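Novice:
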Amino acid sequence: MQDLPTGSLTIGELARQTGLSPATLRMWEVRHGFPTARRLASGHRRYDPGTVERVRAVLNRQSAGVRLEAAIADVGELPRTPSVHATLRASHPQLTTQVLRKSTLVALSHAIEDEQLARADHPVLFGSFQREAHLRSSLARWEDLARTARATFAFAAGPISDLDGGRIAHVPLTEDAPMCREWALICDGTALPVALSAWELPGQDEVDEGSRRFEAMWTLDPVAVRTAARTCARLAADAGVQPATTLVDELAAPPRTDHGDLSAASRLFSRIVAYIEQAAHH
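Pasting the structure below:
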């Protein structure tokens, strides 16, 4: 049994002490990343006792006429981490990580991309390619993806101005940006939401390209996918990418969680196994 910190609160206890319903607290967490809960292995939320005062402070600001988003930001718990991987780890600690080689990540990414194309969904897509050369090598696939996506964003360092007639919005990264170490593929759609996030381990200057190692996680949980998509949209908007500004508000809404499609997950899993097996024999 997992030990709990002394004085930690359940969502019901937090609701009783703040006057909000558990449903409202869950909605705030999904839409705004507040209040932050620690997740047990069972998935249940546990809150630090100080959360009571932070929630009350937000309510006081709301009563004074401050919008909820601004009130949460004033309290100082709205996540602003410039990293998709770090945000997912902090917001969804139940997600497991594995160390994978780049060749495995390529196979995993191609499986996700091809399944998205096969489903003819219209997701919002975000990809993090680290450097311009990596984006260039994937450009043909992403041009195909962009033709059916509602919006497509590619994070990469370096100036890139000729991306598929404007279908793909380039999000420029500075050389010291945390996202320069990250590999991400986020597909926020109705049919098959999926997020793949990986962080390149340090000390690999002498390692050949296909053997570079990453700490990776992936998920089909629509709430976690929305967290990743929301973070990407915010980072793109902060970088001055105009199409992302409208998405920030759109992705603030909670995702649908009542349309689980086991057959879609099974097809994706089968495709992943096939692609990784194929990559292992090359």
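Residue numbering for the sequence shown is 46 to 327, as defined by the numbering used here.
By construction, the Cβ of each residue, glycine as well, lies at the ideal position given by its N, Cα and C atoms.
Computed from a prediction, not measured in an experiment: that's the story for all the values here.
(1) If you measure between the beta carbons of Val239 and Ala281, is that distance less than 9 Å?
(2) Would you list the residues sitting across from Cys232 in a DSSP beta bridge?
(3) Is Arg91 helix, strand or coil when you go by DSSP?
(4) Which class does Val293 belong to by DSSP, given the choice of helix, strand or coil?
(5) Suppose you measure from the CA of Glu260 to the CA of Val144; what does that come to, to the nearest Å?
(6) In this structure, does DSSP put Ile213 in helix, strand or coil?
(7) Nearest-angstrom Cα distance between Val129 and Leu241?
(8) When DSSP labels each residue in this structure, what does Phe200 get in the three-state scheme?
(9) Please name the residue in Ala310, Arg106, Leu265, Val252 whose C-alpha comes closest to that of Thr141.
(10) Specify the secondary structure class of Glu74 as computed by DSSP and reduced to three states.
(11) I need the straight-line Cα distance from Ala1 to His77, nearest angstrom please.
(12) Can you give the Cα-Cα distance for Pro300 and Pro127, rounded to whole angstroms?
(13) Determine the DSSP secondary structure at Leu162, reduced to helix, strand or coil.
(14) Determine the extent of the alpha helix (DSSP H) in which Gln323 is found, giving its start and end residues.
(15) Is it a yes or a no for the segment 195-203 touching the segment 173-180, going by three-plus beta-carbon pairs under 8 Å?
(16) According to DSSP, is Leu140 part of a helix, a strand, or is it coil?
(17) On a Cα-Cα basis, can you pick out the residue from Leu65, Leu184, Arg271 that is closest to Leu104?
(18) For Arg84, which of helix, strand or coil comes out of DSSP?
(19) Determine whether the beta carbon atoms of Ile56 and Arg101 lie at a separation below 9 Å.
(20) Between which two residues does the alpha helix (DSSP H) carrying Thr264 extend?
(21) For Leu54, which beta-bridge partners are listed by DSSP?
(22) Classify Arg316 as buried or exposed, calling it buried when 16 or more other Cβ atoms lie within 10 Å of its own Cβ.
(23) How about Pro223 and Ala194: do their beta carbons lie closer than 9 Å?
(24) If Arg99 sits next to Val120, beta carbons under 8 Å apart, how far is it from one beta carbon to the other, in whole angstroms?
Specialist: Short version:
(1) no
(2) Leu170, Val239
(3) strand
(4) helix
(5) 4 Å
(6) strand
(7) 10 Å
(8) strand
(9) Leu265
(10) helix
(11) Examination of residue 1 is not possible in this model, given that the chain is present from 46 through 327 alone.
(12) 22 Å
(13) helix
(14) 307-325
(15) yes
(16) coil
(17) Leu65
(18) strand
(19) no
(20) That residue, Thr264, is in no alpha helix (DSSP H); its beta strand (DSSP E) goes 258-264.
(21) Tyr92
(22) buried
(23) no
(24) 5 Å
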